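Input: a single structure, listed below in structure tokens.
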Amino acid sequence: MMLRKIPGSFYARDTRKVARNLLGKILSCKTSEGIAKGRIVETEAYCGDKDPAAHAYRGKTPRSKIMWGRAGVAYVYFVYGMHHMLNVVTEREGTPGSVFIRALKPIEGIRLMKQRRKTQDAKTLTNSPAKLTQALGITMQDNGVDLESGHLWIEEGRKEKFDIVSTGRVGIKAGKKLQLRFYIKGDEHMSRI
DNA sequence: TATTGGATCGCC
DNA sequence: GCGATCCAATAG
Numbered sequence: 003m004m005l006r007k008i009p010g011s012f013y014a015r016d017t018r019k020v021a022r023n024l025l026g027k028i029l030s031c032k033t034s035e036g037i038a039k040g041r042i043v044e045t046e047a048y049c050g051d052k053d054p055a056a057h058a059y060r061g062k063t064p065r066s067k068i069m070w071g072r073a074g075v076a077y078v079y080f081v082y083g084m085h086h087m088l089n090v091v092t093e094r095e096g097t098p099g100s101v102f103i104r105a106l107k108p109i110e111g112i113r114l115m116k117q118r119r120k121t122q123d124a125k126t127l128t129n130s131p132a133k134l135t136q137a138l139g140i141t142m143q144d145n146g147v148d149l150e151s152g153h154l155w156i157e158e159g160r161k162e163k164f165d166i167v168s169t170g171r172v173g174i175k176a177g178k179k180l181q182l183r184f185y186i187k188g189d190e191h192m193s194r195i
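Sequential numbering from 3 applies to the first sequence in this note's numbering.
So this is what it looks like as structure tokens:
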């Protein structure tokens, strides 16, 4: 079922608000292999040139300059020689920011996800940032894709109430104290507690 | 041009 | 706990 696609204007706001508001929405990716979708259960905000953990902190570089660009496009980067990380660019053009997608609950295309992840274990298909990009087939090819018009997009989720927990971000050195990680309280698809 | 280490994962 | 395995960023 295709629910309403989130418009580009949704992302052109305060990064923390976008990070919180993306919880419960459905990340979707269509490739020649099929469609895969998951409910976003965990995000992190990377606020730009005042946030020491953000790629934008030291100014524009070839990789990070996309964070100053138009909101609502994918920022994908490659780390540790093997993993792809997915962000969505936020804020108005000229102000850097992005929301890092950390975990999903598999919703559609689970067979395809298992194939890509080379596991039958449904619990570990998309419960961390590198796993979800692998499960959805997201690679550097998707860097810069417009989420309003491309094959990668985010839809409204089902209306349901949940509490949001905020904590320090995972796996970074600088900016550890900032409470910029958000997740759906009690969700079992978390990357970690 | 060389070096360092990373918004990680999975196996030891 | 540690190796995998690439490349962006920074220093020289």
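Every residue, glycine too, gets a C-beta built ideally from N, C-alpha and C.
Since the model is a prediction, treat every value here as computed from it, not as a measurement.
My output table needs one value for residue i: the three-state DSSP class, helix, strand or coil.
i	result
K161	coil
S11	helix
R72	coil
R118	helix
I166	strand
R60	coil
R6	coil
D144	helix
Please name the residue in the options whose C-alpha comes closest to that of residue i.
i	options	result
N129	I195, R6, C31, Y48	I195
R94	K7, A14, R6, G177	A14
G83	R113, A132, G139, A176	A132
D148	K161, S30, I37	S30
A105	E157, R119, K19, V43	V43
T126	K179, H57, M192	M192
H86	A73, G71, I103	I103
F164	M3, R22, F12	R22
Report back the beta-carbon spacing between residue i and residue j to the nearest angstrom; my notes put them in contact at under 8 Å.
i	j	result
V101	A47	6 Å
V78	M142	6 Å
A38	D144	About 13 Å separates the two Cβ atoms, so there is no contact after all.
D53	G177	6 Å
A58	M69	4 Å
L5	E162	Actually they do not touch by this definition, with Cβ atoms about 13 Å apart.
If you count every other CB in all the chains shown that lies within 10 Å of the CB of residue i, and 16 or more means buried, which is it?
i	result
T63	exposed
T169	exposed
S66	buried
M115	buried
K120	exposed
I61	Before going further, note that residue 61 is Gly rather than Ile in the sequence given. Looking at its Cβ environment, which holds fewer than 16 other Cβ atoms inside 10 Å, G61 is exposed.
K187	exposed
| message | To test your reading of the DSSP string, which unbroken alpha helix (DSSP H) runs of 4 or more residues are found completely within the stretch 21-47? | response | none
| request: Let me know the alpha helix (DSSP H) ranges lying completely inside the stretch 92-142, each 4 residues or longer, listed in chain order. | output: 112-119, 131-138
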